[in-house]
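Chains as they are written, first to last, in the numbering used here: chain F, 1 to 348; chain W, 1001 to 1507.
Next comes the structure, spelled out in structure tokens:
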């Protein structure tokens, strides 16, 4: 049985959930929250069933190529978002995880969804352990990223009425850079990917799917959101005040997401990867670009934890570090496959 | 000395070192590694010299990177020593060092909501009275969490140490063999000599690119020769030999029965040491085998064709041009050729040698190149030598349906047609020895345990202050935000408060 309709259903659920969460925040309607969560859960469950079907059909977990990686990560991000907010409702975070999942699925649709048999090196139970645990860690980094973005967004909203919110000009610039720069960086990254795909005959005309399916809708949605935020800035300001915890709590939530994700990523992505590499290639570390970038991701989050725990730094600086960490994570996952030749290139 | 100690203990310097390491590692993935000096100078006309002089052409063995690793190791060691003192203090004498003022400053704390139960001393593991007469009681849980940071740093230090041991004492090479081959495996010292010779040879190439007359080149040449000699000696008296008995490839089958990609490749080998012969062992991808000082991993395979069968036809016109007389009635004849082995057939006045064979050729930039191992588009190049050893002619052999091309490339009185080829397999095995590995694995275990203890185990300190005037204050603290202890605080409050029977009855 083809699992694609289930994935499409789950995407529709995420879109509806995003609309529901947005309406809940902007219209200040409490009654929208629970149904939106229910719809998001339906989307996650549909995606999990679809992943299970794909696993059953292929005989291996859906972690072996770019399409499968993106779809699995997209599902894990939505799931982690829902679990993370189970005790403390955070509609803005939940809306953010829906958007991230939709975008990841959109990018996944550019790649071939054909089930291909596993190459010999991937036929190991370490594939399950290494990739799945690393993905759970990465989905928690995604949560931290969304929270960090919201932290900066909240600061800008609060700063529009009280400039003392910012500790200095650098703080203000950093917040604006994150809030305005991240969507632009996403569009630029996608444009680069489209240009890369268009230059490779293997991908055929799939780059146009990326342009019309991801880039254009993202730009339109972003512009729409920016205009609406500007027009209804008063309501948004109130909504942010009501639906987001204070800056300090948000900062602690970012730390919590990273503190949960860091050990999982380190054990799954690095240590299990080392054990597997030792079994498959005869050495646990070979400075392969993918390995090196996984180490770089680990080092960036290590810096975050060191400065936050030992030096007590928090606020915009650590939020920016968390955002940088997630960008590095995404480059490790996808950028390396396209831009740098590596032993892990089968992932692409 | 104190300043140096301060620098290494400082978190700031650790963060700076991690940041530099991150930057260097990033550069290592962006700058192509281990190319020859000329390639860098050609690809990076402006920065090529800088890349080479800083050793960034081999980033992870370069002096800046290795220095950074060494400094990070020292910083980690300093951190462990400092941490140990603090952790020990917390573990051994937490109550003795705490003051009522400090406890009252904890965010999760308040006055006891009712009267204190009489049996409160029995609910606390430790109680002491301070100078002001305040009784301070403490219960702790999850103390292992305090050791988490220590474990993480010791683990990291072991991983770094194991890695450095591997860099200096480890070896890694590839051995290849076909069915029936007996391949010598040199002792460790010989393989290390070969590794060092390669390193020096690369350095020498780089130096030569800058200054061909550099006096260091002579001594380097001598060093390389002596190391090569050592390796040759190792090959002559190997630690043991490997006999390749079998290599087979398994393919995935599509529903229509066609092969759709390689599923696995496997070798069956014996290890022979002197007169001792081991049992036959199977080496598969993801299933390495250890013998002697080495571990063998099935890393690659190669399919090649040593024996090719061709059909030879007599070409009358060419014969007239070369003046060679042969009996046309003998043709066509079938001939078996072995790669690079000369054959002298009765019907030819010269020796024939198959100098090259390509199973799947393409003409790219006017050159013949094989693009796969499969016999999709085979071509064999046959050269003829006269009695004096001079080239008498060359010819390409193609399959029957492509022989229209052969006329253009034959300068012999014969036309060769490809009939068939016998595939042989070659097994490629990664052979590695790394004495640092056990240290690295131990480090990984400690690191993982440390992270679990630090991030997932909650350390709790439940405090009770009983003032001489009877006032009671409770607080809970630990390695989580104060809000996380709200429930514990309420529980402690309930546990220590006398239940008002009337009130509870009414409730």
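Beta carbons: idealized from backbone N, C-alpha and C, even for Gly.
Per DSSP, what kind of secondary structure is residue i in: helix, strand or coil?
i, result
"residue 86 of chain F", "coil"
"residue 346 of chain F", "Bear in mind that the predicted position of residue 346 of chain F carries a pLDDT of just 49, short of 50, making it unreliable; the figure below should be weighed with that in mind. Note: residue 346 of chain F maps to helix in three-state DSSP."
"residue 1006 of chain W", "helix"
"residue 59 of chain F", "coil"
"residue 217 of chain F", "helix"
"residue 1433 of chain W", "strand"
"residue 1185 of chain W", "strand"
"residue 1304 of chain W", "strand"
"residue 180 of chain F", "helix"
"residue 1001 of chain W", "coil"
"residue 1365 of chain W", "coil"
"residue 104 of chain F", "helix"
"residue 980 of chain W", "Because chain W in this structure spans residues 1001 to 1507, residue 980 of chain W falls outside the shown range and cannot be described."
"residue 205 of chain F", "coil"
"residue 30 of chain F", "helix"
"residue 1358 of chain W", "strand"
"residue 291 of chain F", "helix"
"residue 1506 of chain W", "In this prediction, residue 1506 of chain W scores a pLDDT of 46, lower than 50, which makes its location untrustworthy; no coordinate-derived value is stated."
"residue 1311 of chain W", "strand"
"residue 258 of chain F", "helix"
"residue 1033 of chain W", "coil"
Provide the residue span of the alpha helix (DSSP H) that contains residue i, from first to last.
i, result
"residue 157 of chain F", "125-159"
"residue 4 of chain F", "4-26"
"residue 279 of chain F", "272-281"
"residue 1123 of chain W", "1120-1123"
"residue 1090 of chain W", "1063-1092"
"residue 1150 of chain W", "1144-1169"
"residue 1221 of chain W", "1216-1236"
Which same chain residues end up closer than 6 Å to residue i when comparing Cβ atoms and leaving out the 5 residues on each side of it in sequence?
i, result
"residue 1268 of chain W", "1245, 1246, 1280 and 1282"
"residue 94 of chain F", "21, 81 and 85"
"residue 1009 of chain W", "1078 and 1082"
"residue 101 of chain F", "14, 74, 77 and 78"
"residue 1007 of chain W", "1013"
Along the chain, where does the beta strand (DSSP E) containing residue i start, and where does it finish?
i, result
"residue 308 of chain F", "No beta strand (DSSP E) holds residue 308 of chain F; DSSP gives it neither H nor E."
"residue 285 of chain F", "No beta strand (DSSP E) holds residue 285 of chain F; DSSP gives it neither H nor E."
"residue 1382 of chain W", "1379-1385"
For residue i, collect the residues of the same chain with a Cβ closer than 7 Å to its Cβ; drop the 5 residues on either side in sequence, then sort them by chain order.
i, result
"residue 244 of chain F", "92, 150, 154 and 250"
"residue 73 of chain F", "104, 135, 138 and 139"
"residue 171 of chain F", "316"
"residue 322 of chain F", "144, 145, 148, 254, 258 and 304"
"residue 1504 of chain W", "Residue placement at residue 1504 of chain W cannot be trusted, given a pLDDT of 47 that sits under 50; what the coordinates show is reported in the next sentence. Excluding sequence neighbours, residue 1504 of chain W sits near nothing in its chain."
"residue 1459 of chain W", "1142, 1143, 1145, 1146, 1478 and 1479"
For residue i, collect the residues of the same chain with a Cβ closer than 8 Å to its Cβ; drop the 5 residues on either side in sequence, then sort them by chain order.
i, result
"residue 1083 of chain W", "1149, 1150 and 1153"
"residue 1224 of chain W", "1197, 1200, 1201 and 1204"
"residue 27 of chain F", "none"
"residue 278 of chain F", "284"
"residue 1446 of chain W", "1151, 1152, 1154, 1155 and 1158"
Going by CA-CA distance only, name the one from the options that's closest to residue i.
i, options, result
"residue 1024 of chain W", "W:1061, W:1294, W:1168 and W:1172", "W:1061"
"residue 269 of chain F", "F:3, F:132 and F:144", "F:132"
"residue 109 of chain F", "F:7, F:306, F:256 and F:277", "F:7"
"residue 1339 of chain W", "W:1359, W:1414 and W:1347", "W:1359"
"residue 325 of chain F", "F:187, F:340, F:262 and F:236", "F:262"
"residue 1442 of chain W", "W:1310, W:1259 and W:1162", "W:1162"
"residue 1307 of chain W", "W:1292, W:1293 and W:1336", "W:1336"
"residue 1127 of chain W", "W:1481, W:1102, W:1098 and W:1227", "W:1098"
Under 7 Å: does the beta carbon of residue i sit that close to some heavy atom of the ligand FMN?
i, result
"residue 1390 of chain W", "Among the components modelled here there is no ligand, and therefore nothing to report on the ligand FMN."
Would residue i and residue j qualify as a contact pair, given that the criterion is a beta-carbon distance under 8 Å?
i, j, result
"residue 1375 of chain W", "residue 1421 of chain W", "yes"
"residue 1299 of chain W", "residue 1183 of chain W", "no"
"residue 1272 of chain W", "residue 1296 of chain W", "no"
"residue 1087 of chain W", "residue 1158 of chain W", "no"
"residue 1262 of chain W", "residue 121 of chain F", "no"
"residue 1022 of chain W", "residue 300 of chain F", "yes"
"residue 1361 of chain W", "residue 1369 of chain W", "yes"
"residue 1393 of chain W", "residue 1165 of chain W", "no"
"residue 1185 of chain W", "residue 1238 of chain W", "yes"
"residue 1466 of chain W", "residue 1134 of chain W", "yes"
"residue 1326 of chain W", "residue 1312 of chain W", "no"
Would you please verify whether the beta carbon of residue i is less than 8 Å from any beta carbon of chain B?
i, result
"residue 280 of chain F", "The chain labelled as chain B is not found among the protein chains of the depicted structure, namely F and W."
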